[in-house]
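These notes are about the structure you will find just below.
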Amino acid sequence: MNKKQIIDQLDRIALYLEIRGDNPFKIAAYRRAGQALETDQRSVAGIDDFSKIKGIGRATADVIKDLMMTGESSVLRELQKEIPSGLLELVKIQGLGGKKIGKLYQALNVTDLASLREACEGEQVRGLPGFGEKTEEKLLETIKKLNQRPEQLPIPYMLGLAEKIESALQSEQTIKRFSRAGSLRRAKESMKDLDFVIETDDPENTADRIIELLPVSEVTGRGDAKMTVVLDDPYHVSVDFRFAAPEAYVTTLHHFTGSKEHNILLRHLAKEHGEKISEYGVEAENKPVRTFSTEEELYGHFGLSKIPPEVREGTDEVEKAKSGLLGLIRLSDIKGDLHMHSTWSDGSYTVQEMAEAMRARGYAYACLTDHSKSLRVASGLSEERLLMQLKEVARVNALYEDFTLFSGVEMDILPDGSLDYSDDILKKLDFVIASIHFSFSQSTDQIMKRLESACRNPYVRLIAHPTGRLLGKRSGYPVNLDRLIQLAKETGTALELNSNRNRLDLSSERVRKAQEAGVRIAIDTDSHSKKMMEDMSIGVQTAVRGWIRAENVLNTMTVEQFTTFLRAGKKPF
DNA sequence: GCCGTTTTCGGCCCGACTGTTTTCAGTCG
186 MNKKQIIDQL DRIALYLEIR GDNPFKIAAY RRAGQALETD QRSVAGIDDF SKIKGIGRAT
246 ADVIKDLMMT GESSVLRELQ KEIPSGLLEL VKIQGLGGKK IGKLYQALNV TDLASLREAC
306 EGEQVRGLPG FGEKTEEKLL ETIKKLNQRP EQLPIPYMLG LAEKIESALQ SEQTIKRFSR
366 AGSLRRAKES MKDLDFVIET DDPENTADRI IELLPVSEVT GRGDAKMTVV LDDPYHVSVD
426 FRFAAPEAYV TTLHHFTGSK EHNILLRHLA KEHGEKISEY GVEAENKPVR TFSTEEELYG
486 HFGLSKIPPE VREGTDEVEK AKSGLLGLIR LSDIKGDLHM HSTWSDGSYT VQEMAEAMRA
546 RGYAYACLTD HSKSLRVASG LSEERLLMQL KEVARVNALY EDFTLFSGVE MDILPDGSLD
606 YSDDILKKLD FVIASIHFSF SQSTDQIMKR LESACRNPYV RLIAHPTGRL LGKRSGYPVN
666 LDRLIQLAKE TGTALELNSN RNRLDLSSER VRKAQEAGVR IAIDTDSHSK KMMEDMSIGV
726 QTAVRGWIRA ENVLNTMTVE QFTTFLRAGK KPF
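So for the first sequence, the working numbering puts the first residue at 186; every next one is plus one.
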């Protein structure tokens with residue numbers, strides 16, 4: 186069994202124990218053991234004594250060993266004998282946890298979704314202690330809605346919704362400031378719902394206004410401090426709004442950003458200081474609550490440098506922040522964008538318009554990289570048109586003293602591994618990107634042959650969107666990532682983190698691997714319009730999630746450094 | 001079940017909200 190499977194089984198054990206009504210701390214111990222395993226960077230095969238990991242003791246170490254060796258565990262087997270496995274899926278239902286599921290099983294012999302539905306329809310549930318008529322109705326409704334929407338929605342979809350919500354919140358007078366929180370602020374690839382923290386003196390009124398401003402189909406929760414609504418959209422997305430008084434804004438934002446596991450790490454740390462941390466501030470016995478005006482201050486209070494939201498996953502970020510997190514990339518480190526298209530191929534704006542928009546963003550340089558001839562659907566450039574475009578790039582470049590437009594191309598790697606232009610053409614360009622746009626269904630061997638041929642070409646400086654995935658739509662072509670990273674390092678070819686919200690390719694996990702191997706990264710937007718340039722921020726956020734340092738990113742170079750880098754030609758990193 | 005620079009026993013992260021209750025358990029994040 187691999188690590189992920191083992192962690193899943195530990196969670197299963199915890200859930201069984203919860204349904205059985207076991208000691209909550211024992212249940213938490215199994216979950217913690219799973220988290221400890223996840224945090225450990227090693228693969229399970231590389232760990233010889235699991236009980237040496239903090240959070241894993243003798244008992245859970247034995248379970249892990251059994252699972253790893255035999256794929257089974259006596260603990261799990263015993264629980265399975267006792268408790269029907271169909272009960273496990275019931276936790277997906279909002280409002281049902283282990284204890285209530287246990288009651289339903291014991292009192293009504295509910296064993297799965299179907300029998301729960303029957304019990305609700307037969308009005309048997311309402312008679313149970315702790316349950317009532319309303320609960321029964323809600324359960325039935327939720328069961329019917331189940332499977333109508335995926336559990337997790339991809340970030341491109343949720344970003345779009347968030348932007349609409351933000352423009353509504355911006356117009357609202359009673360809101361002083363607000364921020365994304367939760368998974369979106371941490372830039373997770375997919376998420377269950379959206380979270381916002383709002384500063385207001387008048388939560389009651391603000392909540393009313395939000396309901397008016399947004400297409401709300403249902404208010405599913407409302408109190409003094411928070412409100413949960415379901416949006417009238419195809420996936421019935423749920424949005425949490427948390428209201429904060431001015432002084433508690435930062436601690437509330439921190440709390441609501443999570444992750445839950447990160448918050449637990451911080452509470453432990455506070456406890457070590459003899460303090461208590463919550464969304465309202467930091468508190469010591471007999472002392473007034475301490476609040477903060479920035480997250481830097483909040484982390485500083487515990488002797489940590491600010492931990493960016495993107496890495497607050499409850500792994501080892503607090504340990505790392507004790508010695509500082511210097512060098513993690515920030516949006517302001519980006520000096521240029523190396524991947525964009527114009528009307529010469531499938532872009533929406535002229536070369537000059539794109540250059541001006543890049544310059545207006547404060548970049549020192551950008552690189553024009555239209556498509557190559559084989560990509561007919563995108564009006565790829567013939568050799569003649571590519572050479573003509575060089576003149577246009579020179580003309581536009583001459584317009585600015587404080588901005589450089591480099592010439593380039595996004596060249597297709599053809600199915601047989603050959604490249605779309607000859608070296609004679611490529612050597613006339615400043616920056617050559619290679620990428621795969623068709624024949625995705627080839628075998629890994631064939632795909633890798635294509636990528637290898639591109640890496641080994643002396644003019645190809647970057648592999649764009651290395652896996653070809655589209656979030657929530659397609660998984661891309663079959664890449665052997667370890668091999669690609671090795672090739673990139675060997676040949677001095679950079680790998681892209683394509684910032685387009687639909688791609689985010691490489692992913693944070695993969696880009697992290699590339700950095701660890703010593704491969705250079707470029708964070709590009711692949712813009713086909715001015716609007717798309719804004720996705721640089723989500724690209725950088727993804728990089729932060731992958732712990733990428735600015736020094737390893739090509740487009741953090743100054744224009745002088747980048748020019749020198751280009752002139753020096755390819756050499757191994 | 002796990003853990004210990006006071007501890008091998010007795011703790012274990014914090015608060016909002018809901019629906020059930022007459023003061024709180026369960027769930028959620």
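Glycine included, C-beta positions come from ideal geometry on N, C-alpha and C.
Nothing here was measured: the structure is a model prediction, and the numbers come from that model.
Limits of the beta strand (DSSP E) - the one that residue i falls within
i           : result
residue 616 : 616 to 620
residue 683 : 679 to 683
residue 468 : 466 to 469
residue 474 : Taken as a continuous stretch (DSSP letters only), residue 474 belongs to no beta strand (DSSP E), as it is neither H nor E.
residue 769 : Here the chain has residues from 186 to 758 only, and residue 769 is not among them.
residue 550 : 550 to 556
residue 668 : Here residue 668 belongs to no beta strand (DSSP E); instead the alpha helix (DSSP H) covers 666 to 676.
residue 461 : 460 to 463
residue 706 : 706 to 709
Whole-number beta carbon distance between residue j and residue i, since they are thought to touch under 8 Å
i           : j           : result
residue 629 : residue 663 : 4 Å
residue 520 : residue 742 : 6 Å
residue 758 : residue 674 : 6 Å
residue 345 : residue 287 : Not really, about 40 Å apart at Cβ, beyond 8 Å.
residue 191 : residue 261 : Incorrect: roughly 11 Å between the Cβ atoms, too far for contact.
residue 423 : residue 437 : Actually they do not touch by this definition, with Cβ atoms about 19 Å apart.
residue 417 : residue 400 : 4 Å
residue 720 : residue 710 : 5 Å
residue 469 : residue 490 : Rounded, the Cβ-Cβ distance is 22 Å, inconsistent with contact.
residue 376 : residue 368 : 4 Å
residue 707 : residue 738 : 7 Å
residue 154 : residue 407 : Residue 154 is absent from the model: the chain starts at 186 and stops at 758.
Assigned exposure category for residue i - 16 Cβ within 10 Å defines buried
i           : result
residue 440 : buried
residue 587 : exposed
residue 283 : buried
residue 583 : exposed
residue 483 : buried
residue 756 : exposed
residue 233 : exposed
residue 540 : buried
residue 479 : exposed
residue 551 : buried
residue 684 : buried
residue 270 : exposed
Collapsed DSSP secondary structure at residue i in the structure displayed
i           : result
residue 411 : strand
residue 588 : coil
residue 596 : strand
residue 688 : coil
residue 750 : helix
residue 523 : strand
residue 734 : strand
residue 559 : coil
residue 635 : helix
residue 426 : strand
residue 659 : strand
residue 205 : helix
residue 216 : helix
residue 331 : coil
residue 641 : helix
residue 236 : helix
residue 227 : coil
residue 300 : helix
residue 530 : coil
residue 270 : helix
Range of the contiguous alpha helix (DSSP H) that encloses residue i
i           : result
residue 250 : 243 to 255
residue 441 : 434 to 442
residue 288 : 283 to 293
residue 538 : 536 to 545
residue 717 : It is not in any alpha helix (DSSP H) - residue 717 carries neither H nor E in the DSSP assignment.
residue 259 : 259 to 267
residue 696 : 693 to 701
residue 308 : Unbroken run through residue 308: none, as it is neither H nor E.
residue 574 : 568 to 582
residue 144 : One cannot answer for residue 144 here, as it falls past the ends of the chain, which runs 186 to 758.
residue 611 : 608 to 611
Distance cut-off 7 Å: residue i Cβ against heavy atoms of the ligand FMN
i           : result
residue 711 : Absence of the ligand FMN from the depicted structure is noted, as is the absence of any ligand whatsoever, leaving it without description.
*Quick one: which unbroken alpha helix (DSSP H) runs of 4-plus residues sit fully inside the region 333 to 416? Chain order, please.*
340 to 355, 367 to 370, 388 to 398
*Please list the segments of the alpha helix (DSSP H) lying wholly inside the region 486 to 516, counting only runs of 4 or more residues, in order along the chain.*
502 to 507
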